[in-house]
Structures are given as C-alpha cells and as structure tokens.
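Participant: Would you mind keeping the following structure in view while I ask a few things?
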Amino acid sequence: MIFLRSDSMRFSTIYLDNAATTRLDDKVLEEMIPYYTKHYGNASSLHSYGYDAKEAMDESRETISKILHSDFEDIIFTASGSEANNMAIKGLSFSEPNKKHIITTKIEHKSITNQLDWLETRGYRSTYLDVDKEGFVNLEQLEKSLEKTKDTLLVSIIHGNNEVGTLQDLEKIGKICKKYNVPFHIDACQSFTKSTIDVKKMNISLASINAHKIHGPKGIGALYISKEVKLTPLIHGGQQEFKKRAATENIPGIVGFAKAAEINNSSKISKQVTKLRDDLIKGLEKIVDSKLNGPKGEKRLYNNVNFSFKGIEGEALGGYLDQKSICTSTGSACSSKSLEPSPVLRAMGLDYEDANSSLRMSVSKYNTEEEIDYTIKATEEIVQKLRKISPIYKRK
Amino acid sequence: MYSKEVLKRFKNPKHAGEIKNPDISAEVGNIRCGDVIKVSLKVEKDKIKDVKFMTYGCVSAIAASDMLCELAKGKTLKEAQKIKFKDVLEKLEGLPPIKYHCSVMAVEALQKAIKEYLKKAKESKIKDKPKDKSQQNKEKTGKTLAPTKKATEKTTLAKLPQDVKTQKILAKHGVPCISCPHVGYEQESLTLGFIAKAYGIDLKKLLKDLNK
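Structure below.
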C-alpha cells in the first residue's frame with residue numbers, strides 16, 4: 041500500500057505527540073546558551089558571575105509568577121513536574137502528619153497515583169473522585185467527601201488532562217476547598233500558559249508546572265506554594281529556593297523556562313494551535329465509526345485530540361502512522377505494563393473496545409495545515425486497512 | 004523497541020485476510036485484553052495448504068499472527084501441532100516481554116483450529132488420520148497430572164492447583180495469564196520463572212505465597 045504524498049511537500053516527520061514533550065523553541069535555546077557559556081556562575085556566589093545568575097533567576101521567577109498571578113517568592117523551581125507533584129503532596133504530608141486522607145480524581149497522572157499508592161502503604165487513605173463521560177470531576181462527590189472526613193490533607197486535581205484534554209473548573213473547585221479549609225493542589229503541567237490560572241482568584245494553594253510541554257527545556261519545573269501552606273522540603277541542603285528546595289539552581293533551565301512561558305502565554309499562539317486542533321478533530325470525525333474522547337471547545341486543552349476508532353487497536357494504528365513518519369501516542373492496553381486499557385478512558389465510561397481503540401494526537405505551533413491534512417488522510421487509510429483484517433469490526 | 008522482523012511483518016503482513024470457504028477457522032482472545040486473533044485454514048490431505056489471520060491487536064499481535072501463519076503453511080497438521088509460542092518468538096527475533104502473550108495467543112488460535120478440524124474430521128468419519136487418538140490421549144494425560152506439592156520457578160501453569168485460592172494468589176501478583184482465559188494450549192510450557200521474568204513479577208514473593 042502506497043500513500044502518494046505530493047512531492048512538493050516537505051517529507052519529514054510530523055510530530056503529533058506534544059503532550060508527551062515538545063520541540064525546544066529556538067528563541068528559548070538562544071536565551072539559555074549564555075548561561076552555560078558566559079554567565080555560568082552559581083546564583084549563591086558573591087561575585088559578579090554569581091550576581092548575573094541571581095539576577096537572571098529573579099527575572100525568570102518574576103515572569104512565571106506573573107503568569108500565575110502569584111507573588112514572586114511563592115514560585116519554587118524544581119527539576120520536573122513530577123518533582124513538583126511529589127513536593128506538593130509529600131512535602132505537605134510531612135508538615136501535617138495527622139492528616140491522613142487525600143482526595144484526588146480517577147484521571148490523574150502517574151506522579152500522583154503512584155505517590156498515593158505509596159502513601160497508602162504508610163497508613164494514608166485516598167478518595168478517587170469520579171468523572172463524567174467528558175472527564176469532568178464530580179463536584180458533589182468532592183463536597184461530600186470533604187464533609188465526611190475531618191483529616192483531609194489536600195485535594196489534588198489535574199487541571200488539563202494529559203490524555204483527553206479536559207480542563208477542570210478551577211474556580212468552582214477552589215471555592216469548595218476554601219469552604220472546607222482544605223489546601224487545593226493542581227497538576228497544571230499540561231495547561232500552564234494554555235489556559236488561564238489565577239492562583240489567588242481560584243483559591244489554589246499549590247500548582248505544579250513545567251517547561252518541556254511548552255517548548256522549553258526538559259529538567260525544569262516549578263511549584264507554586266501559597267503562603268497559607270507550609271511544606272517540608274524533600275531535598276535538604278543549602279538555602280536555595282527560600283529554603284524550600286536545596287540544590288544549585290539550574291539557571292539555564294530556569295531562564296529557558298521563563299522565556300518559553302513568556303512566548304507561549306499568547307493569545308495568537310492559542311488561536312493558531314486551537315485551529316489546528318479543531319481542523320484535525322473535524323477531519324477525523326468524518327472517518328466512519330470514529331468518536332472524539334473528551335469535550336470540545338474551550339473546555340479542552342487547545343493542543344489535545346483523542347479519538348477511538350471502532351474495530352481497531354490503538355497501538356497498531358499508531359504503529360502504521362509511525363511508518364508514515366507521524367508520531368502519535370496511545371494509552372491502550374498493549375503499551376502499558378498492566379495490560380489494562382487506559383484508566384482515564386475507563387473512568388470516563390468507555391468500554392474495553394473503545395478504550396483499546398483510542399489514539400492521542402497532540403499538536404503544537406510547529407505543525408502546519410498541510411501536516412494536519414496529510415495526517416487525516418493517512419489515518420483514514422490505515423483505519424480502513426486495519427478494519428479489513430479486524431475479526432471484530434461490524435459483526436455485532 | 005521492536006525487532007526488524009516484527010516491524011517488517013507488521014508493516015507488510017503476507018497472510019492477513021480471510022480464506023473463502025475455509026475448512027476450519029478458530030478465534031481466541033477478547034477485547035478486554037486488547038487482542039482478538041482469528042485463524043482460518045484450508046487443509047488438503049492432512050496438510051495446511053493455506054492459512055490466513057484476522058487480528059484486532061497491537062503491532063506485536065499482528066506480527067505474531069503473520070509469523071504463525073508463515074510457520075504453519077505447508078506443514079502437516081501433526082507438524083503444525085508442535086509449533087510453540089517460543090518458535091514464533093524466535094522467528095520474530097524476539098518481542099518485548101510484555102508482548103509475549105501475543106505470540107501465545109497466535110499459536111493458540113492455530114492449535115484451536117487444528118483441534119476443531121480433527122474433531123470435525125473424526126465426526127464425519129474420515130478415517131485417514133490414525134495419529135489422532137494418540138495425540139488426544141497425550142493431551143488427556145497432560146491435563147490430569149497431579150498438582151505438584153511445592154511450586155518452583157520451573158513449575159508450569161498446568162501443574163498448579165486449579166483452585167480459587169491459587170487463582171487469587173496469581174492475580175494478586177499480577178500474573179496476566181490467569182485473567183486471560185486463553186492460555187490453555189501453553190499451560191504446559193509456561194513456567195512461573197518465565198512468566199515472572201516476562202512481566203516483571205517478583206518470583207520469590209510469588210513462590211512464597213504459593214507455597215504457604
């Protein structure tokens with residue numbers, strides 16, 4: 041089977057896995073390089089190289105805190121989003137040893153769920169909130185759970201879901217948490233700069249963010265920590281990060297993070313990527329027996345597309361797309377260790393077939409309309425090919 | 004992650020599709036596991052003249068199905084009955100351990116088809132297969148083996164006690180072959196040591212629980 045791709049087209053890889061990680065923006069790299077080669081001082085040193093580093097770090101912290109509407113000193117740089125998530129939950133658990141109950145949702149990232157599994161072995165209890173068919177958290181259940189227990193350590197909720205793109209209503213959740221005076225943590229690794237986060241207005245106590253999902257470097261993240269919560273550090277050592285996280289600061293990473301955030305915090309990029317997303321959704325919806333997973337419009341991450349195609353398995357589809365140099369991602373049974381299909385899709389009520397038949401495509405500003413058109417055509421062709429050899433398609 | 008052979012088979016499977024008016028076809032797997040494999044056969048004078056597969060499954064499942072057909076084509080039924088999942092694995096130049104079950108399922112689909120064909124043939128009293136009986140007897144004796152007293156890494160699934168308690172222990176340790184109802188034909192060759200290695204299960208803990 042040959043797919044004719046017009047020769048005039050650029051024949052390079054089409055990267056549609058931007059929810060996994062993104063290409064570093066050239067402008068970000070440019071900004072970072074001098075902090076490796078020229079201003080490479082340690083921000084704690086008392087000499088000009090040290091001051092340069094400190095100044096660059098302060099500016100970066102300022103940039104990021106403004107985007108989150110937080111105070112300067114409430115942003116703590118970490119080495120990743122996963123570290124930020126661990127610092128939020130474990131750090132708080134060390135400070136509040138009598139609070140043994142954690143509320144979260146059934147659609148969290150592994151850096152939350154695996155942490156809770158571990159905490160459960162140490163006497164903690166977790167409540168996993170249900171979600172509806174579009175992935176929105178059941179807020180009645182949240183309120184009931186808060187009412188019922190008096191020892192809730194925190195409520196931890198993923199803002200923009202990494203698989204299906206559902207954006208939770210932070211303002212509503214924040215209000216509920218405030219009513220019961222329980223800290224509210226959000227995992228905003230997918231949503232930072234893509235959807236508005238106002239930590240004060242939304243009553244957010246802790247927010248995990250990172251750089252590599254927004255064309256920034258890998259190995260740098262941050263945790264917003266409201267002054268109302270006290271965290272015990274996970275890493276003890278020097279006095280860095282307001283004594284909340286020891287370790288020599290990753291200045292090039294921090295500078296790159298801030299630059300990436302500044303560039304990505306733009307309505308122009310938001311509009312551009314939203315259009316690519318919606319064109320891709322429109323094109324894939326035209327394939328017979330296909331179904332979009334997650335919501336449409338503003339309540340969906342602007343870069344996320346997730347579809348189920350009846351009668352075929354997601355990884356096989358991803359495998360054939362890869363043969364055509366299109367990078368996508370699957371959360372289906374076969375790619376995970378458990379051999380169970382995506383818990384997120386199952387929590388949204390998808391049956392085993394639809395959950396196993398899903399594929400995620402996540403776009404970025406570097407994708408073009410041409411690439412989207414090509415991807416739609418290639419997907420349709422592969423879906424048909426796989427259905428021809430599917431023993432389960434259309435026999436019901 | 005995948006060998007060249009796996010990708011080659013996956014990209015251009017030679018035996019995908021359905022045989023029109025097959026002599027027999029058989030299906031294994033379920034959607035919950037994410038794989039369903041169907042094999043159809045054309046048999047002539049006890050030889051597999053043609054074999055094709057239909058597969059709902061991942062890259063490995065499609066590659067394993069295709070390789071299985073390649074191995075089975077042209078063989079006598081008796082020869083084909085000797086094909087094991089390890090043969091498929093070997094010919095594919097390996098699969099990631101978590102995908103071993105794909106090769107197990109492909110082989111099982113073939114074995115199920117052959118078994119059903121032989122049963123059908125026997126029922127319609129075509130008596131040109133004297134080897135039939137001995138084969139079936141072998142299977143019977145294999146399945147009635149008494150459970151071993153102490154489980155070791157060399158113990159096969161077939162030799163474990165077939166009770167709820169054992170099932171629960173296996174499930175607790177995440178042995179996927181147990182929740183999968185289709186490992187019948189490979190129960191005698193799947194050892195605990197092999198499964199533990201394939202799925203990253205702590206063998207020591209598993210054996211400790213089984214031998215309690």
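So the protein sequences, as listed, match chains A and B.
Sequential numbering from 41 applies to the first sequence in our numbering.
Sequential numbering from 4 applies to the second sequence in our numbering.
Backbone N, C-alpha and C define an ideal beta-carbon position, used for all residues, glycine too.
1. Answer yes or no: does any C-beta atom of chain A fall closer than 8 Å to that of residue 37 of chain B?
2. Could you pull the start and end residues of the alpha helix (DSSP H) that residue 104 of chain B belongs to?
3. Where does residue 171 of chain B fall in DSSP's three states?
4. Starting from residue 62 of chain B, find everything on chain A with Cβ-Cβ shorter than 7 Å and list it in chain order.
5. Any contact of the stretch 183-195 of chain A with the stretch 219-234 of chain A, i.e. 3+ C-beta pairs under 8 Å?
6. Could you check which residue in A:231, A:196, A:286 has the C-alpha nearest to that of residue 343 of chain A?
7. For residue 97 of chain B, would you say it is in contact with chain A, using Cβ-to-Cβ distances shorter than 8 Å as the test?
8. Would you tell me roughly how many angstroms separate the C-alpha atoms of residue 30 of chain B and residue 432 of chain A, rounded to the nearest one?
9. Compare the beta carbon distance of residue 193 of chain A and residue 136 of chain A with 8 Å and say whether it is the shorter of the two.
10. Taking 8 Å as the CB-CB limit, is residue 57 of chain B close to chain A?
11. Can you list, in chain order, the residues of the stretch 6-37 of chain B whose Cβ is nearer than 7 Å to any Cβ on chain A?
12. Do residue 320 of chain A and residue 205 of chain A have their beta-carbon atoms positioned less than 8 Å apart in this structure?
13. Residue 290 of chain A: which of A:66, A:90, A:59 sits nearest, CA to CA?
14. For residue 90 of chain B versus residue 113 of chain B, is the C-beta spacing smaller than 8 Å?
15. Can you pull the chain A residues whose beta carbon is under 7 Å from the beta carbon of residue 65 of chain B, in chain order?
16. Residue ranges of each alpha helix (DSSP H) run of no fewer than 4 residues wholly in the stretch 87-139 of chain A, ordered along the chain?
17. If the cut is a Cβ gap below 7 Å, which residues of chain B does residue 430 of chain A touch?
18. Would you tell me roughly how many angstroms separate the C-alpha atoms of residue 120 of chain A and residue 51 of chain B, rounded to the nearest one?
19. Where does residue 176 of chain A sit, in a helix, a strand or coil, going by DSSP?
20. I want to verify the contact list: residues of chain A whose CB lies under 7 Å from the CB of residue 125 of chain B, in sequence order.
21. What residues of chain B sit near residue 230 of chain A, judged by a beta carbon separation below 9 Å?
22. Just the Cα atoms here: how many angstroms apart are residue 172 of chain B and residue 213 of chain B?
23. Which bits of chain B does residue 392 of chain A rub up against, with CB to CB less than 7 Å?
24. What residue range is occupied by the uninterrupted beta strand (DSSP E) comprising residue 31 of chain B?
25. Name the chain B residues whose beta carbon is nearer than 7 Å to that of residue 381 of chain A?
26. If I'm right that residue 54 of chain A touches residue 411 of chain A with Cβ under 8 Å, what's the distance once you round it to whole angstroms?
27. If contacts are defined as beta-carbon pairs under 8 Å, then residue 214 of chain A and residue 178 of chain A qualify, I think. What distance do you get, rounded to the angstrom?
28. So, helix, strand or coil for residue 151 of chain A, using DSSP?
29. Would the beta-carbon of residue 68 of chain B fall within 8 Å of that of residue 109 of chain B?
30. I'd like the span of the alpha helix (DSSP H) that includes residue 297 of chain A, first residue to last.
31. Measure the CB-CB distance between residue 346 of chain A and residue 398 of chain A and report whether it falls below 8 Å.
32. DSSP on residue 36 of chain B, reduced to helix/strand/coil?
33. Going by DSSP in three states, residue 162 of chain A sits in which element: helix, strand or coil?
34. Using a Cβ-Cβ distance under 8 Å, would residue 41 of chain B count as near chain A?
35. Over the uninterrupted beta strand (DSSP E) stretch that includes residue 53 of chain B, give me the two end residues.
36. So, are the CB atoms of residue 295 of chain A and residue 75 of chain A less than 8 Å apart?
Facilitator: According to the structure data:
1. yes
2. 103-126
3. helix
4. 355, 356, 359
5. yes
6. A:231
7. no
8. 10 Å
9. yes
10. yes
11. 13, 14, 19, 20, 30, 34, 35, 36, 37
12. no
13. A:90
14. no
15. 356
16. 88-107, 121-135
17. 57, 59
18. 56 Å
19. coil
20. Here the premise fails: no neighbours, minimum Cβ distance about 26 Å.
21. What residue 230 of chain A touches in chain B: nothing, since even the nearest Cβ is about 25 Å away.
22. 7 Å
23. 34, 35
24. 27-33
25. 37
26. 5 Å
27. Not quite, the Cβ-Cβ distance comes to about 16 Å (not below 8 Å), so this is no contact.
28. helix
29. yes
30. 291-304
31. yes
32. coil
33. coil
34. yes
35. 50-59
36. yes
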